[in-house]
């Protein structure tokens, strides 16, 4: 296998300051950079392949920068007793170097996204049983993209970029939720959100520019009913709405899974109806919950094969609004204090999906995970060290969608189940320092998460040193 290592450098800063009149403001800054990261699943043969899809596939560089300001002043007005203003900026640099296997064509890309956002949230408790939360948010995203082609020793020449250069996506929304408790054992929440979008897909050589201006009103209902002491029934029904973004509409170029994406500027929004029903137990030494959920999609945006093949043998795909799809499943969570020094934490999730393209057929959904979960035991003795043992597991997944079967990252016979153990120990050193040591994948098990293009890491050693500022 080719070298799969990469370097990652990052810094994360948060400061918190009190306001003279009460309340506080916080400043957040983050920067993460990976100078050169190989996409390993493109560089090794997958299932059904004798040769890899690419000779070269690097994210070079891959960077994310973020600045955020949160202002929460003390508020006591007839219309609000709480306020929060958030301002944010995020830049993502996504550079790439790609060459299909045995191809003389080297593509170099420079992709950048600048996202600006602002959100204002106000809240008011009118009485003990009535509380309203309302506000607005706006976002603006600009995408710049360039690509050059180099053939042999020739000079690079500009070609069509991965994304239409100069494309923009803007949104504005108003929202309100009202919580009502007619009696202590019952809670009801009603919500509404009106959103308006503007998507400007810049013109390219083969296609004119496109402007989309969809809007939507989404509603939400929630119920909490205490059945007996510590046991509650919870139910939620909500509508969702997603506008096709610039990636959906305008991507042109190779994608993982031996695919080549063709742009489709004629996409429409997708809508979803989400429902969930569950039970929650909240005791002093035991907390548990079990939820059933269902998502019904209309005009879901998904990648479909066109039947064509690129000159280098990749399957040509494009995004489409398919007829319908449904995802349903169950989620379980448990926390128990087994003794004064020993605690148990467990989660499990099961999901099943179906695609209904509108021609009367039904097929399994693609990329649906198998039953998976985690079991953790935390031990906190009287000494300086505390320990944690974690068991992760996943069942076999052999219910594959048509696209899964052809995806070289997925075994067409299904993905095997697996279990893996991790151990960790931690202690405080002085008042500010924390030392963590551990072993991941203790038994060096070989396994692969469903949908991943490569096996998971083997046994690994962990050492971390953290310092808290005064």
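Numbering (UniProt numbering), first residue to last: 1 to 470. The beta carbon of each residue, even a glycine, is placed where N, CA and C say it ideally should be.
For residue i, the first and last residue of its enclosing beta strand (DSSP E)
| i | result |
| --- | --- |
| residue 61 | 54-73 |
| residue 183 | 167-183 |
| residue 435 | 433-440 |
| residue 451 | Run containing residue 451: none; DSSP gives neither H nor E here. |
| residue 301 | 301-309 |
| residue 238 | 231-242 |
| residue 92 | 82-100 |
| residue 50 | No beta strand (DSSP E) contains residue 50, which DSSP labels as neither H nor E. |
| residue 421 | 418-429 |
| residue 110 | 105-127 |
| residue 261 | 259-262 |
| residue 157 | 157-159 |
| residue 253 | 253-255 |
Whether residue i touches residue j by CB criterion (7 angstroms)
| i | j | result |
| --- | --- | --- |
| residue 268 | residue 296 | no |
| residue 28 | residue 68 | yes |
| residue 389 | residue 343 | no |
| residue 37 | residue 12 | no |
| residue 234 | residue 278 | yes |
| residue 107 | residue 51 | no |
| residue 435 | residue 427 | yes |
| residue 420 | residue 452 | no |
| residue 199 | residue 240 | no |
| residue 135 | residue 151 | no |
| residue 254 | residue 260 | yes |
| residue 414 | residue 441 | no |
| residue 165 | residue 142 | no |
| residue 367 | residue 328 | no |
| residue 90 | residue 66 | yes |
| residue 514 | residue 305 | The structure shown does not extend to residue 514, since the chain is modelled only from 1 to 470, so the question has no answer here. |
| residue 285 | residue 337 | yes |
Local conformation of residue i per DSSP, three classes
| i | result |
| --- | --- |
| residue 283 | coil |
| residue 322 | coil |
| residue 15 | strand |
| residue 290 | strand |
| residue 331 | strand |
| residue 410 | coil |
| residue 1 | Residue placement at residue 1 cannot be trusted, given a pLDDT of 46 that sits under 50; the coordinates are not used to answer. |
| residue 201 | strand |
| residue 443 | coil |
| residue 315 | strand |
| residue 147 | strand |
| residue 132 | strand |
| residue 188 | strand |
| residue 36 | coil |
| residue 339 | strand |
| residue 468 | coil |
| residue 384 | coil |
| residue 352 | strand |
| residue 79 | coil |
| residue 371 | coil |
| residue 216 | strand |
| residue 194 | strand |
| residue 267 | coil |
| residue 7 | coil |
Neighbourhood of residue i by C-beta, 6 angstroms cutoff - its chain only, sequence neighbours within 5 removed
| i | result |
| --- | --- |
| residue 346 | 334 and 375 |
| residue 87 | 69 and 118 |
| residue 243 | 197, 214 and 269 |
| residue 417 | 394, 395 and 396 |
| residue 8 | 34 |
| residue 14 | 28 |
Close Cβ partners of residue i (< 7 angstroms) along its chain, the five nearest in sequence each way excluded
| i | result |
| --- | --- |
| residue 1 | At residue 1, the pLDDT of 46 sits below 50, so the modelled position is not reliable; the number obtained from the coordinates is stated separately. Excluding residues within five positions, the ones whose Cβ falls inside 7 angstroms are 44. |
| residue 454 | 40 and 41 |
| residue 407 | 257 |
| residue 461 | 439 |
| residue 456 | 447, 448 and 449 |
Residue range of the alpha helix (DSSP H) that includes residue i
| i | result |
| --- | --- |
| residue 403 | 402-406 |
| residue 41 | 40-43 |
| residue 246 | 246-250 |
Beta-carbon separation (whole angstroms), residue i vs residue j, contact threshold 8 angstroms
| i | j | result |
| --- | --- | --- |
| residue 156 | residue 145 | Not confirmed; about 15 angstroms, so no contact. |
| residue 217 | residue 188 | So it is not a contact: roughly 20 angstroms between Cβ atoms. |
| residue 99 | residue 56 | 4 angstroms |
| residue 116 | residue 139 | 7 angstroms |
| residue 249 | residue 262 | Rounded, the Cβ-Cβ distance is 11 angstroms, inconsistent with contact. |
| residue 96 | residue 60 | 7 angstroms |
| residue 194 | residue 170 | Wrong, their Cβ atoms sit about 15 angstroms apart, outside the cutoff. |
| residue 238 | residue 181 | No, residue 238 and residue 181 are not in contact; Cβ-Cβ is about 20 angstroms, not under 8 angstroms. |
Beta carbon proximity, residue i to chain E, threshold 7 angstroms
| i | result |
| --- | --- |
| residue 221 | Chain labels in this structure do not include chain E; a single protein chain is all it has. |
Other residues of its chain near residue i: CB distance less than 8 angstroms, five sequence neighbours each side excluded
| i | result |
| --- | --- |
| residue 185 | 225 and 226 |
| residue 265 | 201, 207, 210, 249 and 250 |
| residue 81 | 75, 123, 124 and 125 |
Check: residue i C-beta below 6 angstroms from any heavy atom of the ligand NAP
| i | result |
| --- | --- |
| residue 51 | The ligand NAP is absent from the structure shown, which contains no ligands of any kind. |
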